[in-house]
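Below is one structure, written out as C-alpha cells; the observations come after it.
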Amino acid sequence: MSAGLNADPVAKDVAEPDRREVRQRLWQQLPLLIALVVLWMVLWGQFTALSLVTGVIVAIVVTRVFYLPPVELSGRINPWYLLVFLSHFFLDVAVASFQVAFQAVWPKPVPHSSVIGIQLRTRSDLIMTLDAIAMSLVPGSLVVEADRERSTLYLHTFATESLEDVEAMRRKVLVVEARIVRAIGSKADLERIRSNGPRAAEAHSGEREARS
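Adding 28 to a residue's 1-based position in the sequence shown gives its number in my numbering.
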C-alpha cells in the first residue's frame with residue numbers, strides 16, 4: 029500500500045510535463061488549424077455550420093497526416109510596422125503588375141530572366157515562408173526553391189538585364205524580410221536585422237544562374 033502511495037507523486041510529476049507539452053503543441057498549431065478551416069470554407073464558398081465542422085475535420089487530418097515541424101511564433105505584433113509591410117506589399121504588386129503588362133505589349137526582345145539565391149538573415153521558418161509568399165505574389169518574381177537549412181530563397185526573376193538588376197532584387201528580398209521581422213519577428217530576429225545589414229547577407233548569397 030505504501031509503495032503504491034510513493035509511486036503516485038512520481039507518476040504525477042512525469043504526467044504534468046507531458047500535459048504542458050501537449051497544450052504547447054496545440055497552441056502552436058492553432059493558427060494553422062484556423063487558417064486551414066478558413067481556407068476550406070472559402071474554397072467551398074459556404075460559411076455554414078456544416079462547412080465549419082468538415083473544415084475542422086479536414087484541418088486535423090491534414091496536420092496529422094502531413095506533419096511539419098511546429099512553427100515558433102514570436103509572441104509580438106507591431107501594428108504600425110504590420111501596416112507598413114502591407115502598404116508596401118500592395119504598392120509593389122500594383123507597380124509590378126503595370127511593369128509586367130508593359131513588357132508584354134512593348135515591341136522589344138523578351139527581357140532576360142535569372143535565378144537568384146538570397147540568404148536571409150533570420151532563421152525563422154515563419155519569416156522565411158512569409159517572405160517567399162510575399163515575393164511570389166509580386167508579378168515578375170517567383171520562389172522556385174527554399175533551402176531551410178541555409179535559410180536561402182531561390183527566385184526566378186523577370187527582366188534582370190544586368191548585375192545591378194540582380195543586386196536590386198536581392199536588396200528587395202532583404203527589405204521585405206526586414207519589414208516582416210519588424211512587424212511580427214522576435215527580438216532575436218530584430219537584433220539580426222540590425223546587426224547584419226543587406227551587404228553582409230548578400231556576401232553569403234547563393235550563386236546566380238542566368239537564363240535567357
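Even for Gly, the Cβ is constructed at its ideal location relative to N, Cα and C.
Problem - Leu64 burial status per 10 Å Cβ neighbour count (16 or more: buried) - result: buried
Exercise for the section: Could you tell me the boundaries of the beta strand (DSSP E) in which Gln74 lies? Expected result: Segment: none, Gln74 is in no beta strand (DSSP E) and carries neither H nor E.
Handout entry: Runs of beta strand (DSSP E) lying entirely within the region 95-148, each at least 3 residues, in chain order
Key = 141-147
Exercise for the section: Taking Val166 and Asp120 to be in contact with their CB atoms under 8 angstroms, please state how far apart those CB atoms are, rounded to whole angstroms. Expected result: 5 angstroms
Exercise for the section: Take Gln57 as the anchor and find which of Thr91, Arg47, Ala77, Trp72 has the nearest alpha-carbon. Expected result: Thr91
Problem - Identity of the residue in Asp193, Pro137, Ala216 nearest Ser152 by Cα - result: Ala216
Exercise for the section: Under 8 angstroms Cβ to Cβ from Arg176, same chain only, skipping five residues before and after it: list those, please. Expected result: Asp153, Met156
Problem - Of the residues Val138, Phe186, Arg210, Ala122, the one placed nearest Asp159, counting alpha carbons only - result: Arg210
Exercise for the section: Could you pull the start and end residues of the beta strand (DSSP E) that Glu173 belongs to? Expected result: 169-175
Exercise for the section: Report the rounded CA-to-CA distance for Ser142 versus Glu173, giving the unit in angstroms. Expected result: 13 angstroms
Handout entry: Distance between beta carbons of Ile212 and Leu110, contact taken as under 8 angstroms
Key = About 7 angstroms separates the CB atoms of Leu110 and Ile212; that is less than 8 angstroms, so the two are in contact.
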